Amino acid sequence: MFPSTVLTFIFYFVLFFTTYLTLISSKSVVIEVKGDCATIGQQIAHEHGYRYVREIFDGFCEIEEDPLSENHKRYRRAIEQGIDPVEILLKHEHVEWAESQIPKKRQKREFIFNDPQWNSMWYLMRHLQMPTVPDLNVTGAWEMGYTGRGQVVTFLDDGLEFDHPDLLENYDKEASTDINDNDDDPTPRYEPTNENKHGTRCAGEVAAKVNNNICGVGIAYHARVGGIRMLDGDVTDSVEARSLSHRPDHVQIYSASWGPDDNGLVVDGPGRLAKKAFQDGVLHGRGGKGSIFVWASGNGGRYSDSCACDGYITSIYTIAISATTERGNKPWYLEECSATLASAYSSGQSNAGERDIFTTDLNHECTNHHTGTSAAAPLAAAIYALVLEANPSLTWRDIMHITVLGSRPDAIPSNTNVVRNAARFNVSSRFGFGLMDAGLMTWYASGWKNVPPMSSCESAISYPKRIITTRSDQTFSLNLIECKNDIDPRHEVNYIEQVQTFVTLTTDRRGEIEIYLYSPSNTRTQLLPKRERDQSNKGFQDWPFLTVQLWGEVPHGQWKLQIVNTGGGSATLMSWKLIVHGTREYPISPRSTYIQSAYESDRSSCHIECKLDEPCGNTDTNCTACRHFKQPLTDGKFRCVGICPEGTYPDEKDKLCLPCHSQCGSCRNASEISCISCKSDLFLIHDLMTCVESCPEQYYTDHHLRKCIRCKIDCASCDTSSHICTSCSDGYALKDTDCIKASEPCETNEYFDFKVNQCRWCDSRCLTCSGSQIDQCKSCDKTGKYPYLQYHACVSSCSPGFYLSKSLFQCLPCHETCLNCISSSELSCTSCKLGYVFLPDNHRCEKHTGKPYYLDKNTGETHTCHGSCTQCKGPQPNDCIACNTINEVLLDDGHCVNKCPLGSYKSEKKTIDFQTNICLSCPTGCTSCYNISQCDQCDESKGYKLVGSNCIPTCKQGTFPSGDHCEFCDNQCLTCTNLTHCLTCVDQLVLFNNQCIEECPDGYYIYNQQCLSCHPTCNTCTGPGEDDCKTCTQGFKIDTNGNKCISKCANGNYFDKNDAKCKICTNNCLECLSPGSYCRQCKYPMALDTLTHRCLLCCTTNITTNNCCQCASSWDGFCLHPLVTPSIHMNNWLTSSIDIMRNKFNKLDNYRQTFIIIVLVISFISIIICLIILSLRQIFNSRLISRQEHANVEYVMLQNVDDHDDEETKSIETNGHTKKILPTDTTISINHAEET
């Protein structure tokens, strides 16, 4: 006991003493002297072991410790004796005051929370770090003191884990109920896949508690949240109505993220009871001011779905919220429609570095993978909680008006396809009126006067009953005079808010119909886009299409409805009518705190970015002064903006948006060393804040972030990471991926080899190098044969995926989507990589959507892929780019087969968008192999024998085996099998028909020093495809749109070279290149053999003959590839896999079989025991909780189990109802209801 006490005392004494010495030995001291700092101050500093640093004010000098001073020992002696050096300085006759400079803690006055996710919640606070980058401007509302106090938000969802530590304090029991189980506990049903996590995630976005070191921060972190559990069971009209009408006297905002199935096939909406719940909510909710219904616009973008066919979105009582990604792009799941009011942030392309939404999760966890419009709608609901706190008197229509005014269309870079209506609002079907701005919306709300009562006028029903024929359109008109109703003011509308168009239309294929509405001001709004998957012939029965895109316009005059039939069927417009909702008087009043100036005749005409106390016009260029920033224009005028646009930076002093340096995409000031991001074809040097065409030495290129990141100090260059060196600084040499000090210096054309501990020559292509390999060059001979440096290799020309920078003598990588390009920008592609489609208008490569069709480049039409493809690119249906990864491989000719041909092996290929299995060639001389390094059979006819797992030639290069000795090949052959049969050729010659010649004849092209056949339509070519022709064979001509040869004969006929005229194909062939020998399309029931291009009958058995071929289970016009097993291709892969496993097991010896059986039995018994224990514990805990919290109720609650966010959309069947699970999130569709 005593020794430990002594040791503790000594420890604390030493700690105190060293701390004291640290404090009194501060290196910097400020002294006040009688005289000049430069003379008196410097003299005092020298005498006491200091050096003079600077003069702060007259007579106030800063000095610091100088270890090189001859008097420094005097300073150190004072420290060692525990004397404060400042006391010694004060004794000097010329020093009036002295003080050691000790660092002080100073905190910036900004939003700093201790919640771990806060700094990652980019959509709330990134403009604090980069003022030019937009977010939801929630901090703007917080700065005004609005955090959601007094507001109640409830979620109509799959339940709410109300005891989550980040939600419990803000949980509102009165706003919660369980419709599915008929009780008041909204706790979700826990199950292994954590399917019912959605409501808990949404609630965290709104009301996660602040500063509790848990998860993140809710937007309205003082609001109350509830949950209505209604999606985890049979969802009926009654269930929806009960949910929508729960406590409208208590709940202000209802948030929902479900609706009809997002598969692009359904047209559905609320039933009679749900419609009444909406109407009652806006009439009687919130004391007559109206409940706020926030709805996610849908996640069916992948299936070309549109929210115009979702009756919950087209209701005038709901606020439809869309989503944009972190970079302001259109997300893949977004549905477009004219009913969308505004947008918030949500998930984007994770493989492109875009982040998801951070929030609470089941099991008291946190997540950073909340996705889809399901994540955007709760953000909007949270902003409305802030708005209602700013002004609790707002009605449901006031909220819509404030959303229209307080959303920013320019804050979303991809918001280019906008409609500018006659009221000068910019609005789009993708993002509505733009990105919601919480600060601006609460500012409007704080002084808002209620808009006038809503008026509605209805036109007479028109019955045109006119047919819209194939690929045509018809326009229908009506003169809306009903809105000029002087008798009943409830039916007089002079300012539009929402317009409903009720349409009854019959059609052969509903998805081929597009509908447009033209207002009297000639503003066009698209009511219905094309939905390619919808092949229904049911049409529309009095369906209410909704548009908000005419907001603020005048409704009086002629309206036009345009029906466009884009398909091959017909359509008939049976009837249509309009209902216009709006106001009789001008709806926007000046803010209640603002007194209108005498010179202002009409404040309502001012643009929202104009300063309120100055004269202004109705555009952002007609302001006298700006509310936020001025952006100078080239004509000497200026534009008022809320956020400085890309390429400018905000000058806070003068409130100007000034241009960045010409290389910067965004910046902090006008200097070239202040770039935050770069123009699209440049890279940012991260630590220098400059933009360059390619990253310099000692940096590696991050292509996703488009940044140059510095290598570690001894690397001259590095790749993929700062610690993976590819070359070294002078005096160092490369060993693996590290730079080690070399024992001797090397010449410029040498490198140091650690294996032999001496310098060796570089490869002949390199001028300087870091190793012996051809791809370890540091520089190239600019006057030699290989002058260009491409990824550490010297080349004569750039490879596909690279472009030549003549100034740098380097081949630089194209954008990741380009195959060929002229710069690294995504807007400079000339052709695309596999999996992308070229857009010639802006030279971009757009990601292939993966739908089972391809686009015809010439006509723009879509064609269905062959059934064997999971993706295809055309121009033929069986030109696959991806196959089933479980049991198929992709051949070079685009066929999906079940095994690789002889001489190749299966390997995995991944791109940004898909993965598939491909066949790669075995090593030279190997006829059968498992991978590139494991052969199991060699080509003995070419002189190879199997040694271990490698095929070794029996004769050296340039010779061939002849009996028991080796003979020399012909002088032209590099390798051969005999004197007349070459395998490869010497330099300058190419292989053709086993002979080495100087150049390939017509009809052939060079590849790997071989002559390979062109496509039959080509006379000369650069590759094997139809699009690789340089000149055409007789009877064909070059296509003006590309390098493809098209026939001079019409209707699939062929050109007879002998008679020099077109003739009809024969042998059951509908389209051919020559009679009977190269068919392209066969007559039913014949099938096309794509290898021989013959038309054959489908075999009736699994035996293939010369006159028949194996076909798919349903006739599609094509023979199966010989390497496709018919039984496997008809979805019996599971049986096949089991057979393979059984065969492999039977090949094992008895010992191994017994061991495997014992392990499996023990594992099975262990799993059963664990499941029984977990089930018993689950039942016990549930009953214990039930007795404690609900003494009068008996039920069993399952424990929570961690979930996994799938990367692809999945559908599962539960109790006969479809539930849809979105990427990295869970969405639910029950009956006609689904989570989006």
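As numbered in our numbering, residues 497 to 1732 make up the sequence shown, in order. Glycine residues also receive a C-beta, built at the ideal position from the N, C-alpha and C atoms. It should be emphasised that the depicted structure is a prediction, and the values quoted were computed from it without experimental measurement.
Under DSSP, the alpha helix (DSSP H) around residue i begins and ends at which residues?
i     : result
D1432 : Unbroken run through D1432 is the beta strand (DSSP E), Q1430 to C1434; no alpha helix (DSSP H).
G777  : R768 to H780
G636  : V634 to E639
C1140 : Careful: C1140 lies outside any alpha helix (DSSP H) and carries neither H nor E.
Do we get a CB-CB distance below 9 angstroms when we pair residue i with the residues of chain B?
i     : result
N1374 : No chain B appears in this structure, which consists of one protein chain only.
Exposed or buried, which one is residue i when buried takes at least 16 other CB atoms within 10 Å?
i     : result
N1374 : buried
V1252 : exposed
L1670 : exposed
K826  : buried
V1443 : exposed
D1337 : exposed
D806  : buried
F1298 : buried
G1113 : exposed
Q1037 : exposed
R550  : exposed
D532  : exposed
W593  : exposed
V1689 : Because the pLDDT of V1689 is 36, which lies under 50, any placement of that residue in the model is unreliable, and the number read from its coordinates should be weighed accordingly. It is exposed - the Cβ of V1689 has fewer than 16 other Cβ atoms within 10 Å.
Which residue from the options puts its Cα closest to that of residue i?
i     : options                       : result
C1517 : Y1501, Q1506, N1564 and F1134 : Y1501
D1004 : N946, T1068 and T1021         : T1068
V474  : I1011, A881, C1294 and S903   : Absent from the structure is residue 474, since the part of the chain shown begins at 497 and ends at 1732.
L1023 : K1405, D1432, I809 and D554   : I809
S1162 : M1185, K1151, D1038 and S1320 : M1185
L1001 : R1029, Q970, T1021 and K980   : Q970
N1602 : T1588, N1427, A1608 and L882  : T1588
H660  : F607, Y1580 and D857          : D857
L1074 : E1142, D801 and A956          : A956
I1084 : V1076, M896 and A1121         : M896
K1741 : S1292, A574, C1255 and Q1306  : Within the shown structure, residues of the chain are numbered from 497 to 1732, placing residue 1741 beyond reach of any answer.
D631  : A840, Q1058 and S924          : A840
S910  : L936, H865, L830 and T899     : L830
E1168 : C711, K1406 and C1156         : C1156
K1579 : G1548, I1664 and S811         : G1548
I898  : G935, D1552 and N913          : G935
I1236 : D1210, L1616, P1016 and C1258 : D1210
G902  : H1103, V790, I749 and D733    : H1103
Since residue i is in the beta strand (DSSP E), which residue starts that stretch and which ends it?
i     : result
G1053 : G1053 to N1061
Q1127 : F1125 to P1128
D1038 : F1036 to T1043
I963  : R962 to I964
R547  : Y546 to F553
L974  : S968 to L976
T820  : T814 to T820
**OP:** Indicate whether the contact test is met: 3 or more Cβ pairs, each with one atom in the segment 720-732 and one in the segment 757-764, closer than 8 angstroms.
**Re:** no
Original post:
Are there three or more Cβ pairs, one per stretch, closer than 8 angstroms when the segment 642-649 is compared with the segment 1179-1198?
Top reply: no
**OP:** Could I get the ranges of all uninterrupted beta strand (DSSP E) runs contained in the segment 1354-1422, with 3 residues as the minimum, in chain order?
**Re:** 1358-1360, 1376-1378, 1400-1406 and 1411-1417
Original post:
Taking three-plus beta-carbon pairs below 8 angstroms as touching, is the segment 676-683 in contact with the segment 962-975?
Top reply: no
**OP:** State whether the segment 990-997 contacts the segment 1028-1043, with contact taken as three or more CB pairs (one from each stretch) at a distance under 8 angstroms.
**Re:** yes
**OP:** Pair every Cβ in the segment 865-883 with every Cβ in the segment 696-703, then say whether three or more of these pairs are closer than 8 angstroms.
**Re:** yes
Subject >> 3-residue-minimum beta strand (DSSP E) runs that sit fully inside the segment 588-629, ordered along the chain >> reply: 591-596
Subject >> Cβ contact (3+ pairs, closer than 8 angstroms) linking the segment 984-993 and the segment 923-930 >> reply: no
**OP:** Check whether the segment 939-951 touches the segment 911-927, counting contact only when three or more Cβ pairs, one atom from each stretch, lie closer than 8 angstroms.
**Re:** no
Original post:
Which runs of the beta strand (DSSP E) fall wholly inside the segment 1487-1571 and span at least 3 residues, in chain order?
Top reply: 1491-1493, 1500-1503, 1506-1509, 1514-1517, 1525-1528, 1532-1534, 1541-1543, 1550-1552, 1557-1559 and 1565-1570
Original post:
Could you give the uninterrupted runs of the alpha helix (DSSP H) lying entirely in the segment 1168-1249, keeping only those of 4 residues or more?
Top reply: none
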